[in-house]
Structures are given as C-alpha cells and as structure tokens.
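Notes follow once the structure below has been shown.
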Amino acid sequence: MPRTNDQEKPIQPQPALRQWAPCIAMLLLSFLSYVDRSVLAILSPTILTELHLSATQYGYAILVFSLCYMIANPIWGFWMDRAGLWITTLTAVLIWSLASGGHGLMLGFAGMCVARGFLGFGEGAAFPAGLKTVAETLPPSKRSFGLGIAYSGGSLGAALTPLVITPIALRYGWRYAFALTALLGLAWITLWLILRTTGWYTSPTSVRPIYSDPTPATSRWNRNLFAAAAVYGLGAAPLAFGLYAAPLYLTRVLHLDQRTLGHLLWIPPAGWEAGYLFFGRIADRLRQRSIGQPSRPGAIFLFFSIAGFLITLLPLAASSPYPRTATMLLFFFQMFLGGGFVVFALSDGMAALPKQHTAFLAGICISAWALTTGILMPILGHFFDQHRYTLTFWIVASLPPLGTILWRTLATTSPGTLSPIHEN
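With the working numbering applied, the sequence shown corresponds to residues 1253 to 1676, in that order.
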C-alpha cells in the first residue's frame, strides 16, 4: 500500500508556558537578528558621511548581505531538517554575533561588504529556525499565530533598535553600538544553552494535512514551494524598502537629523509587528473555518497588492501640512501589509508541504526575499542619488502584484490536494 504523508505524533498536554517557550525563544532570536542588521541602516546617514560612501555603495553593501543571506537560508534550513535545531542555531548565532560586532572595525566600503556578508550568512538560520520550531511544537490551529509570534521579534527588534542604538551612537560613537550587538548575541546563546539543558524544547504536534497523492507531497521540490517563494520574495519586498531606504529618504527629503530619526524609525517596524500578529490570528481563524473545505489565500494576496500602491502617495505626504506624520503613517501601513504577505505565504506553504521540509521552505522563501532585496537596493540607491524618489515608490509598489500573479500561476492543489486537518 502506498505510503501517505507522514503522520505526526498526537499532541501531548503541556503547560502553556512550556508549550510556548520554544516559540518565545525564536521571537528573541528574530529580535536579535533584526537588531544586528538594523544598526547599519539606522546609523547609515552618519556612517556614510564619516566613511565617505555614497548611497549607491551602501546599496551594494546591502546586496552583499542579501546574496549571502539568500545562499545561507536554504543551507541552514536543509541542515536543520537533517541535524536538528539546537547545534545548527547555536553555530549560526555565534557566526553572526561575531560578524555584527566586527562592523565596528570597518574603515570603508570593502570592510562594510565583508562584515555584511558574514552577517548575512549567519542570519540565514534565523527564520528557518522559527518556522521549524512552530511546526514542531504547536498544533495546526495555533501555527499561524505562533509564526506571527516567532517572527514578530524581527519587527520588534527593528522598532526598538532606533530608540536604544541612537543614544549610544550619539554619546559613544557608532562603533560602540555594534559592540553592543555582539554582547546581545552571547546573551541569547546563554539562553539557548539553558533551554537545551533543562529540556524545555519538545516537539508536541498533531496530525498534518494528508495529501491525496503521496509521491509529490514527500518531495521538497514542487510547484507550491516555488509559489510560496514567489509571493514571499516579491510580496514582502516593501519591507526591505522600509528598513533600508526609509532612513535615507527621511534625511534627504524631510531633512531630519540622526537624533530625530531615532525617535521616528520605530514606526515602520511597528506596522510590521502589527501585521504579523493581526494576520497571524486571521490566518488561524480562516484555517479553522475552512476545515473540510481547504482554501488558498489568493484573494488576500490580491487585496494586499492593490493596497500597497498607497506607498506612491509619499510625495504628497512630504508636501502636506504634516509631512512627518503622513510619511510615517504610509511607511507603517506598507510594513503592515508586508507582515501579512509573510504570514499568509508561510502559512499556506506549511499547509501545502510536509512537515519534514518546513525549515527548507522558510529558507527558500527568505532566499527569494533576499534575492529581491539584493537586486532592488542598488537600483533604489542609484535613483536616490539622482533624487528620483517617485520612481522608487512605483518600483516598490509593483513587486507585490507580480508576486501574486506568479503565485496564482504556480500554486496547485492537484496533485497533493489538502484534506481536512485532524487534531488530537
């Protein structure tokens, strides 16, 4: 008799804190990763001036990060699926913490590229680890919200970093800000060792969706994988704009100084955080309602794509009576939608692919996002140097619709049609 997709062990009763502890650890992991990668973006106006670098060179440094991040994500994901989370994640955090601290030693463009490259490679493990943890420790009815929790550390880190890093950089210099990130990495490694030695990382799971045709479902390479990667990579592309380009835009167009940026740059990531949590809840509720009648989030992706064109109103916001407020609201909303793309892309991918490939799924999706970011940022940096800001907004707004079109083209429920979810 043909073997069907793997059946997970029935979920074991767990105290709430113990069940959610691994997810919270992943929240802190994604928090750490975005603290480390955000410091350069936040301090970019100061650093670029001191090191005599252009926005185009800055864009190429982000390209190096993105390429290394893109390559590393599926590598780490594959290793996690084979070797397990603990040693893989420990190794990755050690690499990227040293790389983040090493940013404080950079003297020019080459040093920036080397530091960003090692940081990108190490951080490639963060989100595969989060998705794999959610898939292993939570039942299907809680996984989308759990995913939002685990990944929300990234947006939380991006939101809080300006408030913490800016005063440190202004008082002690930007190099000391990077030293702090290395210390935070060592603190997380200590927490990870404690969770391991106390045995709080367990894998209580429920029965996964069963596919009508087991052969393609057991393969990590299928059309649904590429569909998830397309809609994640292009749909969430505006997140990169909000993270990396917003500080330069606010400095060059609204003429804000570094101190003022520190009080404003938490707002776009706050929208991202809200998107993770809000759409995580929505995805779980839709999933529960569709038991017996599985559905795909195509209409949701279409709505996100249309709403994303509001970012093209940024020139009007800059000339409005309240330019700061209007501009930051648009950045907030764009990041909010980006969080929705991430949640629904991965939630749909988890439902369409077998559990043993969840870390690889996250790795491929985030690699697609990193590739998009790597190609996008030098182009945007070039247009920023030419003061062609309106064109950059239209480029950013056009990517999510393209991702949605590719998702509709690639996504399939046959073979591998989902059947109802069963929980114990």
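C-beta atoms are modelled at their ideal positions from N, C-alpha and C, and glycine is treated no differently.
Please read all numbers here as calculations on a predicted model, not as lab measurements.
Which residues bound the alpha helix (DSSP H) around Arg1539?
-> Ile1519 to Arg1541
Kindly indicate if chain C contains any beta-carbon less than 8 Å away from that of Thr1564.
-> Looking for chain C here will not work: only one protein chain is present.
Classify Arg1334 as helix, strand or coil using the three-state DSSP reduction.
-> helix
When burial is assigned at 16 or more other CB atoms within 10 Å of the CB, is Leu1582 buried or exposed?
-> buried
Burial state of Thr1656 (16 or more Cβ within 10 Å) = buried
Helix, strand or coil: how does DSSP classify Val1595 here?
-> helix
So which of Gly1398, Thr1577, His1639 and Thr1661 has the shortest CA-CA distance to Ile1534?
-> Gly1398
Does DSSP put Gly1451 in a helix, a strand or coil?
-> coil
Measuring alpha carbon to alpha carbon, tell me which of Ala1411, Arg1539 and Tyr1528 ends up nearest Pro1391.
-> Arg1539
Sort Gly1409, Ile1347, Ala1480 and Ile1314 by Cα distance to Leu1613 and report the nearest one.
-> Ala1480
In chain order, what residues of the same chain have a beta carbon less than 6 Å from the beta carbon of Ile1519, not counting five sequence neighbours either side?
-> Met1580 and Phe1584
Could you give the DSSP three-state label for Thr1442: helix, strand or coil?
-> helix
Give me the Cβ distance between Met1322 and Ala1622, rounded to the nearest whole Å; I'm assuming they're in contact under 8 Å.
-> 4 Å
Measuring CB to CB, does Ala1492 end up less than 8 Å from Thr1642?
-> no
If Val1594 and Tyr1424 are in contact, beta carbons under 8 Å, what's the gap, nearest whole angstrom?
-> In fact, because the Cβ distance is near 34 Å, the residues do not count as touching under 8 Å.
Excluding the five sequence neighbours on either side, which residues of its own chain have a C-beta within less than 8 Å of the C-beta of Leu1447, listed in chain order?
-> Ala1273, Pro1274, Ala1277 and Tyr1453
Of all the options Thr1610, Met1629, Ser1393 and Gln1586, which has the alpha carbon lying nearest to the alpha carbon of Gly1523?
-> Gln1586
Among Leu1554, Ser1547, Ala1551 and Leu1589, which one has its Cα closest to the Cα of Ile1563?
-> Leu1589
Is there contact here, the region 1369-1379 with the region 1324-1338, by at least three beta-carbon pairs under 8 Å?
-> yes
Taking only the alpha-carbon atoms, compute the straight-line gap between Val1459 and Arg1395 and give it to the nearest angstrom.
-> Per-residue confidence for Val1459 stands at a pLDDT of 38, beneath the threshold of 50, marking its modelled position as unreliable; the derived number appears in the next sentence. Computed Cα separation, rounded: 13 Å.
Within the same chain, show all residues whose beta-carbon is closer than 6 Å to that of Ser1717, passing over the 5 residues directly before and after it, in chain order.
-> Past the boundaries of the shown model lies residue 1717; the chain is included only from 1253 to 1676, so the question cannot be answered.
Distance, Cα to Cα, Leu1383 vs Thr1301?
-> 38 Å
Can Arg1427 and Leu1371 be called in contact, C-beta distance under 8 Å?
-> no
CA-CA distance, Pro1414 and Leu1513?
-> 8 Å
What's the gap between the Cα of Met1332 and the Cα of Leu1500?
-> 37 Å
Is it true that the region 1306-1319 meets the region 1628-1636, where meeting means three or more beta-carbon pairs spaced less than 8 Å apart?
-> yes
Using only alpha-carbon positions, find the residue among Thr1298, Gln1309, Thr1644 and Leu1284 that is nearest to Gly1494.
-> Thr1644
Determine, using beta carbons only, whether Ser1352 and Gly1437 come nearer to each other than 8 Å.
-> yes
Leaving out five residues before and five after Ser1455 in sequence, what residues of the same chain have Cβ atoms less than 7 Å from its Cβ?
-> Since pLDDT at Ser1455 reaches only 47, below the 50 mark, its modelled position is unreliable, and no value is offered.
If you compare alpha carbons, which of Ala1663, Tyr1286 and Leu1566 is closest to Arg1640?
-> Leu1566
Is Ser1547 helix, strand or coil when you go by DSSP?
-> coil
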